[in-house]
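Numbering (the working numbering), first residue to last: 7 to 291. What follows is a single structure, written as structure tokens, with notes after it.
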């Protein structure tokens, strides 16, 4: 009688694990993403850096309705961010559809598909001392699921102003309280569901950060705690973020207006995100 290997049985139980990942990934990176909630993908947008730089310039010249300046009077530099502009900025849509990001997202999430949630631009001009506050993206959003991924990609070389992520925080039992970056107020009324925002440096948490070239990308789960230092260098720090959801992601109700809000979306709790607003960019087979 032939013996059936444990590996063969696992492959039958988890067929996605046997698929060859995109050439930018290896199996160890996918395992690290699942375990730690964060991994570095070198060169994800390497062939699209100039297109993204042009898109960021257009975005800053023609801000959308959610654009924000995140500095208080007297704080040095400029900290600009804006999101949900892919359908009006051609450069962003071209990169979303032509880059390998969606396929890499599906591999990391172990999902059959990668559905676009939104884009996000964050620019810290030279001399911007303000850090990006520690936060999890998930509590701000109206979507939940294990299969989520954000890509954060610098369009300038970064070292001190790189993204910082706390490994394993996507598995914490309670979400971190979402706050407003400028006013530092609670995002929703009442905070009994949430844990206070921790200080990962003081607590000695496992913080992952990398020196990055333009087009590299940090991939992290929506529930991974992350932030960034201020930009005390003499050069700009332009970053492009792209967010995807996978097979198990569903719309959820929050105790207040979400960010992004997407007014008039018409979805009900438990539904997949509507395809006409959140298109599937990659699908296996």
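Where is the CB? At the ideal position from N, CA and C, for every residue including glycine. Because the structure is a prediction, the values reported are computed rather than measured.
Strand pairing of residue i, partner residues [DSSP]
i	result
residue 154	251
residue 75	86
residue 102	The partner list for residue 102 (beta bridge, DSSP) is empty, contrary to what the question assumes.
residue 46	224
residue 201	182
residue 218	164
residue 134	237
residue 213	172
residue 192	185
residue 245	128, 160
residue 28	Paired residues: none, contrary to the question.
residue 232	141, 171
Contacts around residue i, its chain only, beta-carbon distance under 8 Å, and the 5 residues preceding and following it disregarded
i	result
residue 129	62, 66, 84, 85, 86, 87, 242, 243, 244, 245
residue 280	271, 272, 273
residue 76	85, 86, 87, 136, 187, 188
residue 34	none
residue 201	178, 180, 181, 182, 183
residue 264	146, 147, 148
residue 57	97, 100, 101
Buried versus exposed, by CB contacts within 10 Å (16 or more), residue i
i	result
residue 182	buried
residue 287	buried
residue 101	buried
residue 214	buried
residue 32	exposed
residue 143	buried
residue 160	buried
residue 10	Here residue 10 scores only 38 on pLDDT, less than 50, and its place in the model should not be relied on; the value that follows carries that caveat. Residue 10 comes out exposed.
residue 13	Confidence in residue 13 is poor, its pLDDT being 37 and thus under 50, which makes the residue's placement unreliable; the coordinate value appears in the next sentence. Looking at its Cβ environment, which holds fewer than 16 other Cβ atoms inside 10 Å, residue 13 is exposed.
residue 291	exposed
residue 165	exposed
residue 207	exposed
residue 1	This structure cannot speak to residue 1, because the chain is shown only from 7 to 291.
residue 199	exposed
residue 162	buried
First and last residue of the uninterrupted beta strand (DSSP E) at residue i
i	result
residue 225	223-226
residue 120	119-130
residue 258	From DSSP, residue 258 is part of no beta strand (DSSP E); its letter is neither H nor E.
residue 169	169-172
Unbroken alpha helix (DSSP H) run spanning residue i, endpoints
i	result
residue 289	From DSSP, residue 289 is part of no alpha helix (DSSP H) but of the beta strand (DSSP E) over 286-289.
residue 39	33-42
residue 59	55-67
residue 114	107-115
Contacting residues, own chain, Cβ-Cβ under 7 Å from residue i (five flanking each side not counted)
i	result
residue 28	106, 109, 110, 113
residue 93	99
residue 258	148, 149, 150, 275
residue 309	Past the boundaries of the shown model lies residue 309; the chain is included only from 7 to 291, so the question cannot be answered.
residue 64	95, 97
Residues near residue i in its chain [Cβ-Cβ closer than 6 Å; skip 5 each side]
i	result
residue 222	48
residue 145	181, 184
Nearest-angstrom beta carbon gap, residue j and residue i [assumed within contact, 8 Å]
i	j	result
residue 168	residue 218	6 Å
residue 236	residue 134	6 Å
residue 120	residue 250	4 Å
residue 55	residue 220	5 Å
residue 230	residue 43	4 Å
beta-carbon residue i near the ligand COA non-hydrogen atom, thresh 7 Å
i	result
residue 35	Among the components of this structure there are no ligands whatsoever, and the ligand COA is therefore not found.
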